[in-house]
Amino acid sequence: MRSNLEFARFPAPDGMNGWWESLPPAPDARTVTSDGRFDWVVVGGGITGLCAARRLAELAPGASIALVEADRIGRTTAGRNSGFFVDLPHDISSESYSRSIDEDRADVRFQRHGIDYVRDIVRRYGIDCDWRDDGKFHASVNRKGAAALTHFADGLSRIGEAFEWLDQPAIRAVTGTDFYTGALFTPGCSTVQPAALMRGLAATQPDNVTVFELSPVTRIEPRGDTRALHFAGGTIVAKQVIVCTNAYAATFGIHSNGLLPVYTFASLTRQMNADEVAKLGGMRSWAVIPADPMGTTVRRLITDRICVRNHFAFRPDVRVSPADLAKARHLHQRSFERRFPMLGGVELEYTWGGPLCLSANNGALFGKRDDGLYEAIGCNGLGLSRGSSSGKLIAEYALGESNSLVQQLLKQPHPRPLPVRPLVDLAVSATIWAKEFSAGAEL
Numbered sequence: 001m002r003s004n005l006e007f008a009r010f011p012a013p014d015g016m017n018g019w020w021e022s023l024p025p026a027p028d029a030r031t032v033t034s035d036g037r038f039d040w041v042v043v044g045g046g047i048t049g050l051c052a053a054r055r056l057a058e059l060a061p062g063a064s065i066a067l068v069e070a071d072r073i074g075r076t077t078a079g080r081n082s083g084f085f086v087d088l089p090h091d092i093s094s095e096s097y098s099r100s101i102d103e104d105r106a107d108v109r110f111q112r113h114g115i116d117y118v119r120d121i122v123r124r125y126g127i128d129c130d131w132r133d134d135g136k137f138h139a140s141v142n143r144k145g146a147a148a149l150t151h152f153a154d155g156l157s158r159i160g161e162a163f164e165w166l167d168q169p170a171i172r173a174v175t176g177t178d179f180y181t182g183a184l185f186t187p188g189c190s191t192v193q194p195a196a197l198m199r200g201l202a203a204t205q206p207d208n209v210t211v212f213e214l215s216p217v218t219r220i221e222p223r224g225d226t227r228a229l230h231f232a233g234g235t236i237v238a239k240q241v242i243v244c245t246n247a248y249a250a251t252f253g254i255h256s257n258g259l260l261p262v263y264t265f266a267s268l269t270r271q272m273n274a275d276e277v278a279k280l281g282g283m284r285s286w287a288v289i290p291a292d293p294m295g296t297t298v299r300r301l302i303t304d305r306i307c308v309r310n311h312f313a314f315r316p317d318v319r320v321s322p323a324d325l326a327k328a329r330h331l332h333q334r335s336f337e338r339r340f341p342m343l344g345g346v347e348l349e350y351t352w353g354g355p356l357c358l359s360a361n362n363g364a365l366f367g368k369r370d371d372g373l374y375e376a377i378g379c380n381g382l383g384l385s386r387g388s389s390s391g392k393l394i395a396e397y398a399l400g401e402s403n404s405l406v407q408q409l410l411k412q413p414h415p416r417p418l419p420v421r422p423l424v425d426l427a428v429s430a431t432i433w434a435k436e437f438s439a440g441a442e443l
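Sequential numbering from 1 applies to the sequence shown in UniProt numbering.
Here it is in structure tokens:
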């Protein structure tokens with residue numbers, strides 16, 4: 001018997017997304033205002049859904065496809081991250097990102113598949129999103145961080161990946177700050193303005209894709225050999241549905257599907273003036289990941305702003321409070337001042353949060369959930385690269401194609417079931433606290 005899906009939570013403002021706010025105003029949104037019929041509906045307008053809808057259209061140009069998003073595309077989760085398309089192993093639950101040789105090689109292959117797909121779209125359509133293939137720096141601030149980088153470098157050597165060591169003068173020449181003691185550079189990471197990318201991917205969808213925004217689906221139910229998707233403004237009937245809601249899928253039943261909505265937070269400074277740029281020095285654009293996965297990520301943007309990201313919070317209701325945002329802003333201000341004492345007058349203009357979709361065992365949901373219903377859910381900290389790849393591949397799988405990457409995803413473990421609340425809340429929050437405490441100076 002085919003089951004219903006009830007959607008209990010939808011995107012909330014969760015602060016002011018600086019990536020979105022610093023863009024020109026978006027065009028008016030098309031919303032669901034009447035009943036309709038499509039061959040396919042993709043639920044979720046993040047990177048996974050955007051790539052799934054596009055790939056469906058590429059492989060089935062005669063099919064009618066709807067992409068539905070509860071908010072504005074680019075304003076919510078996929079447009080709230082730090083903008084890293086990470087190609088290398090990046091297990092944020094580990095001490096130094098990497099796992100086993102086989103798992104690391106599989107991660108690299110999977111993540112580069114998504115990066116290559118999106119890069120080609122950006123170049124083909126000239127999407128203005130500050131796409132940069134400039135790599136990333138894993139930077140340490142003490143001996144503990146340096147040891148973690150050495151462990152990560154050993155893992156990269158085992159799988160044959162290139163990297164370069166930077167001493168303190170070299171990383172200072174990049175960042176302009178004496179805060180970092182050294183770094184490891186990896187060349188394959190791409191960075192982007194995430195909200196601009198999401199807007200661009202939506203605006204350049206093939207002609208047989210209709211994009212609906214500000215249109216939350218409240219229920220999906222079987223209707224004969226089709227599915228009926230209910231919205232405030234009408235009902236859409238589709239032959240096939242792909243669900244790409246990532247952290248919001250946890251509200252389908254967090255105890256049964258094992259998904260953990262864990263928020264992380266970011267702040268974006270105001271634009272620096274010429275004097276402040278001169279005081280900082282360094283390169284005009286760079287991206288630093290902390291040696292400890294729970295530390296502070298920093299990006300300097302070509303727009304002369306600096307983005308600071310740190311702090312995690314388990315929020316199973318997939319929304320944060322003003323107190324959460326105030327705490328994050330305080331931590332960001334402290335992290336910024338420690339790294340950039342020469343920029344004392346540069347304020348944080350925007351602060352926001354966005355949910356990651358984690359699991360206790362690094363598992364994810366991919367494949368056929370039910371007749372006519374598919375899912376690609378679970379980024380485990382790498383929403384852009386993993387989301388783009390899984391979105392492309394779920395479309396291929398749903399259309400009957402099979403390849404080695406599809407098979408890799410079908411074999412991955414499902415998220416491990418979680419204990420009941422409030423035990424899961426206590427366990428996850430305690431783990432986050434312990435890991436952030438251990439990160440120490442990396443924050």
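The beta-carbon is built from N, C-alpha and C at its ideal position, and this holds for glycine as well.
The criterion of a C-beta distance shorter than 8 Å is not satisfied by F110 and S404. Distance between G282 and I73, taken at the CA atoms: about 34 Å.
As the crow flies, the alpha-carbon of G295 is around 16 Å from that of L382. Taking 4 residues as the minimum length, the alpha helix (DSSP H) runs contained wholly in the segment 399 to 424 are 404 to 411, in order along the chain. Listed in chain order, the non-local C-beta contacts of A439 below 7 Å within the same chain comprise D292, M294, G295, local neighbours out to five positions each way being set aside.
Around the beta-carbon of Y180, 16 or more other beta-carbon atoms lie within 10 Å, marking it buried.
When DSSP states are grouped into helix, strand and coil, V318 belongs to the coil group. Here W352 carries a strand assignment [DSSP, helix/strand/coil].
Per DSSP, V209 lies in no alpha helix (DSSP H); the unbroken beta strand (DSSP E) holding it starts and ends at 209 to 212.
Under the 10 Å beta carbon count, F185 is surrounded by 16 or more other beta carbons and is classified as buried. Assignment of I306 by DSSP, reduced to helix, strand and coil, places it in the strand class. S64 places its beta carbon 8 Å or farther from that of G234. When the Cα atoms are used, Y263 and R158 turn out to be separated by approximately 32 Å. Residue state for S190 is assigned as strand, using DSSP reduced to three classes.
For the set P316, A398, R329, the Cα lying nearest the Cα of L59 is the one of A398. V174 is not a Cβ neighbour of F231, given a cutoff of 8 Å. In this structure, Q193 is the residue among Q168, Q193, T177, R143 with its C-alpha nearest to the C-alpha of L268. Within the same chain, F185, T186, P187, G188, C189 come within 7 Å of G135 by CB-CB distance, once the 5 residues on both sides are set aside.
When the beta-carbon positions are compared, E213 and R54 stay at least 8 Å from each other. DSSP lists I242, K368 as the bridge partner or partners of Y374.
Counting along the chain, P169 sits inside the alpha helix (DSSP H) bounded by residues 168 to 175. DSSP, read as helix, strand or coil, puts A57 in helix. If you ignore the 5 residues before and after F314, its C-beta comes within less than 7 Å of the C-beta of L260, V262, D425, V428, S429, I432, all in its own chain and listed in chain order. When the five nearest sequence neighbours on each side are left out, the beta carbons in the same chain lying within less than 7 Å of the beta carbon of L393 are those of L405, V406, L409, in order along the chain.
In the DSSP assignment, T150 falls outside any beta strand (DSSP E) and lies within the alpha helix (DSSP H) extending over 143 to 158. Using a 10 angstroms sphere on the CB of I289, the tally of other CB atoms reaches 16 or more, which defines it as buried. In this structure Y125 is exposed. Its beta-carbon is surrounded by fewer than 16 other beta-carbon atoms within 10 angstroms. One alpha carbon belongs to L201, the other to L325, and they sit about 29 Å apart. In chain order, F265, A328, L331 place their CB closer than 6 Å to the CB of H311, counting only its own chain and leaving out the 5 sequence neighbours on each side. Counting along the chain, no alpha helix (DSSP H) covers L382, and no H or E run does either. Contact annotation: the segment 8 to 26 touches the segment 344 to 352, with at least three C-beta pairs closer than 8 Å.
The continuous stretches of alpha helix (DSSP H) do not include A66, which lies in the beta strand (DSSP E) extending over residues 65 to 68. Beyond the five residues adjoining it in sequence on each side, R223 comes within less than 7 Å, by CB distance, of V237 in the same chain, given in chain order. Nearest to S285 by alpha-carbon distance, out of D133, V209, P61, is D133. Taking 8 Å as the cut-off, the beta carbon of R112 is found closer than this to the beta carbon of D87.
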